[in-house]
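Be aware that the sequence shown starts at 2, since it is given in my numbering, and climbs by one per residue.
Below is one structure, written out as structure tokens, with a few remarks after it.
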Amino acid sequence: MLRTHTCGELRIEHTGQKVELSGWVQRIRDKGGMIWIDLRDRYGITQLIFQEGETNSEVIEKVREMGREFVIKAKGEVKERYSKNDKIPTGDVEVFVEEIEILNSSKVPPFTIEDDTDGGEELRMKYRYLDLRRNVVRKNLVLRHKLAQATRRYLDGQGFLEVETPVLIKSTPEGARDFVVPSRMNAGEFYALPQSPQTFKQLLMVSGYDRYFQIVKCFRDEDLRADRQPEFTQIDCEMAFVEQEDILDTFEGMTKALFKEVLDVEVADFKRMPYSEAMKYYGSDKPDIRFDMRFVELNDVAQNKGFKVFDSAELVVGIVAEGCGDYSRKQVDELTKWVQRPQIGAKGLVYVKCNEDGSFKSSVDKFFSQEDLKGWAEKMNASSGDLLLILSGDTNVVRKQLNELRLEMGKRLGLRDNKVFAPLWVVDFPLLEWDEESERYHAMHHPFTSPKTEDISKLDSDPGAVRANAYDLVINGVEIGGGSIRIHDQKTQSLMFDHLGFTKEEAKKQFGFLMEAFEYGAPPHGGIAFGFDRLCALFGGAESIRDFIAFPKNNSGRDIMIDSPATIDRDQLHELHLKIEEEK
Ligand code: ASP
């Protein structure tokens, strides 16, 4: 070993010991008579000290050749520091260096390797291997490791078996676009990369492996955002001989155990909310329930008073911003502009200030009496000093807009503390979702999700009203996981394919293997998958999952460090039986 200790290890008890450390030069301070080096490795920083007159002059000469990020080995004696640094664990001591060796030199790095670096995102991604040397990034990867290990330990303890499933497969049912891989040995044919191991984990249930999990890469060719990457990781799970309650129990248990083990946080039993309620009271299927601010529908008290905007709306709905009754005109105008931005797209915002003296001031005073406004405030459970914010329009559109406003107000009022965790099971999702573009129903989750038995009869008469045995785990407004109890008999599965507009041939071509497997004794089963990158970001108190992935892609799906995707040469194309169409 080129070291006796790491750079994070030495304490006051090591005083007097001869040690050897290896690492990177974080900083050199040369005050003429004295030189200090901060030596860094994965474990921390230790101060090295050199003193003109005391330290061998060859050693001093070598130190003066060094620059930031040089890799060095230093041997010396641990001494107590005169001025201690209580900000780092090794801050009581320093190493008085007697021998030093430059193991490798370094170019000047393109940005500073500090918590607060001067490097922009683009530059840091191009030199990600340098970015990864930074404390803040390393901490995120350590957290990810801990979460993965704790997950494995927990699931292993519950009798789950980790089974790997293939990556070169064919189209899977998650409804995104596939990444495909041309086959050299089978001209004109392609593999698809799994959007999830969904079909394989169901096959494993047929095979009798009744508790399966895998921490697995999935691939979806979708537009990217802060919480989406083209390749991402799931904790993918499936169980046989279970009902919905069993799955919820098992994975609530796992989530609680992860919070306890990794963050030492105890979370209470998870709340449950049907999808329909989530939409009605929060305008979202992933409500952030760290704060209340529930929607209150106002049609009965706000319509038919001559205000056309409300009268012609399908839904009039508002929220109470507690204590915001003293907002100035400027503040309200700014909020109005905020909801009118194209990303939100509201036409306007109606406000009512509940004054301390019991009177009301609103943007619609022309149409509504003090008595009317009082009625709204009562219905919304508002008190004096509060501000009512009201939107109107088509139900689905308005709910979405008010959801955005609610989240924004929650943020502005400091109600979304990232150290507070509010998990929620959203249950009873609709089975089907109408798609405007293709003008037909799609599976809201995926085509293997089972309908609630009591709703099956509505499949023909009112398909949109059929509920599924599907559930999502939502924490702080982020969808952390989702799953369902599956269809396990061939008859119901065919019925489902019919309703999704698959012809028998299409269904057979895409999922025939699964249909056939179901004819050989498929047990009742169900499962769930957690977005592992999102879970890491949530635990780390961050929004972007990119910070928790060692080598992430940028918003255009590029890895700018290795410069991928890239063109391939003609021979390679030829071998793969591919031709690139010339740009016109
Ligand atoms: N395969 C699903 C998904 O990736 C999860 C599940 O149904 O278990 O969302």
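Using N, Cα and C, we set each Cβ at its ideal position, and we do this for glycine too.
Have a look at the DSSP bridge pairing and note the partners of residue i.
i      : result
Ala530 : Asp237 and Gly483
Lys588 : Outside the displayed range of the chain (2 to 585) lies residue 588, so it cannot be described from this structure.
Lys80  : Glu95
Val297 : Gly319
Met35  : Gln52
Ser23  : Lys74
Val181 : Ala193
Arg41  : Trp25 and Ile46
Ser363 : Val353
Tyr472 : Val428 and Gly484
Thr450 : Arg487
Leu162 : Tyr213
Lys272 : Leu425
Here's the rule I'm using: 16 or more other beta-carbon atoms within 10 Å means buried, otherwise exposed. How should residue i be labelled?
i      : result
Lys280 : Looking at the sequence shown, residue 280 is not Lys but Met. With 16 or more Cβ atoms within 10 Å of its Cβ, Met280 is classed as buried.
Lys625 : This structure cannot speak to residue 625, because the chain is shown only from 2 to 585.
His146 : exposed
Glu506 : exposed
Phe533 : buried
Val475 : buried
Glu583 : exposed
Phe472 : Per the sequence shown, residue 472 should be read as Tyr rather than Phe. When all chains shown are included, Tyr472 counts as buried.
Pro452 : buried
Ile546 : buried
Glu239 : buried
Met2   : exposed
Thr251 : buried
Leu104 : exposed
Gln344 : exposed
Val64  : buried
Ala469 : buried
Ile13  : exposed
Met274 : buried
Phe552 : exposed
Val427 : buried
Could you give the residue range of the alpha helix (DSSP H) that holds residue i?
i      : result
Met280 : Tyr276 to Tyr283
Tyr155 : Asn136 to Gly158
Val589 : A query on residue 589 cannot be resolved here, the shown segment of the chain reaching from 2 to 585 and no further.
Ile391 : Element bounds for Ile391: not the alpha helix (DSSP H) but the beta strand (DSSP E), Leu388 to Gly394.
Val310 : Lys309 to Asp312
Glu434 : First-last for Glu434: Leu433 to Asp436, but that is the beta strand (DSSP E), not the alpha helix (DSSP H).
Ser462 : Lys459 to Ser462
Met186 : From DSSP, Met186 is part of no alpha helix (DSSP H); its letter is neither H nor E.
Phe369 : First-last for Phe369: undefined, no H or E at that position.
Glu253 : Gln245 to Leu259
Ser58  : Ser58 to Glu66
Lys420 : That residue, Lys420, is in no alpha helix (DSSP H); it is neither H nor E in DSSP.
Asp327 : Where Asp327 is concerned, there is no enclosing alpha helix (DSSP H), given that its DSSP letter is neither H nor E.
With a CB to CB cut of under 7 Å and the five nearest residues on each side skipped, what residues in its chain are close to residue i?
i      : result
Asp39  : Gln27, Arg28, Ile46 and Gln48
Ser197 : Thr173, Glu175, Cys219, Gln235, Asp237 and Ala530
Gly1   : Only positions 2 to 585 of the chain appear in this structure, which leaves residue 1 out of reach.
Asp164 : Note on identity: in this sequence residue 164 is Val, with Asp being the wrong assignment. Only Leu205, Tyr210, Tyr213 and Gln215 meet the Cβ criterion.
Ser184 : Glu190, Phe191 and Tyr192
Glu223 : Ala177, Arg178 and Arg229
Pro111 : Gly120, Leu124 and Tyr128
Lys261 : Glu267
For the beta strand (DSSP E) that contains residue i, what are its first and last residues?
i      : result
Tyr130 : Unbroken run through Tyr130 is the alpha helix (DSSP H), Arg129 to Asp132; no beta strand (DSSP E).
Ile114 : No beta strand (DSSP E) contains Ile114, which DSSP labels as neither H nor E.
Ile216 : Arg212 to Phe220
Ile550 : That residue, Ile550, is in no beta strand (DSSP E); it is neither H nor E in DSSP.
Leu446 : For the record, residue 446 in the displayed sequence is His; it is not Leu. Counting along the chain, His446 falls outside any beta strand (DSSP E), and DSSP gives it neither H nor E.
Within 7 Å (strictly less), CB to CB, does residue i reach chain B?
i      : result
Phe220 : Absent from the structure: chain B. Only one protein chain is present.
Beta-carbon within less than 6 Å of residue i's beta-carbon, same chain only, minus the 5 sequence neighbours each way: which residues are those?
i      : result
Arg407 : Met294 and Ile320
Glu100 : Lys76
Pro464 : Leu433 and Tyr442
Lys127 : Ile561 and Met562
Met67  : Val26
Gln515 : Looking at the sequence provided, one finds Leu at residue 515 rather than Gln. Thr200, listed in sequence order.
Just to check, is the beta-carbon of residue i closer than 6 Å to a non-hydrogen atom of the ligand SAM?
i      : result
Gly176 : Looking for the ligand SAM in the displayed structure turns up nothing; the ligands present are the ligand ASP.
In its own chain, which residues sit with a C-beta less than 8 Å from the C-beta of residue i, not counting the 5 before and 5 after it?
i      : result
His15  : His6, Val79 and Val94
Ala193 : Ile170, Lys171, Ser172, Thr173, Asp179, Phe180, Val181 and Val182
Ser385 : Gly326, Cys355, Asn356, Glu357, Asp358 and Gly359
Lys362 : Val353, Lys354 and Asn356
Phe296 : Lys281, Tyr282, Tyr283, Gly284, Val318, Gly319, Ile320, Arg400, Leu403 and Arg407
Val302 : Asp373, Gly376, Trp377 and Lys380
Phe549 : Asn141, Leu142, Leu144, Arg145, Asp534, Cys537, Ala538, Gly541 and Ala543
Glu490 : Rather than Glu, the amino acid found at residue 490 in this sequence is Asp. Within the same chain, Asp490 has close Cβ partners Phe519 and Ala523.
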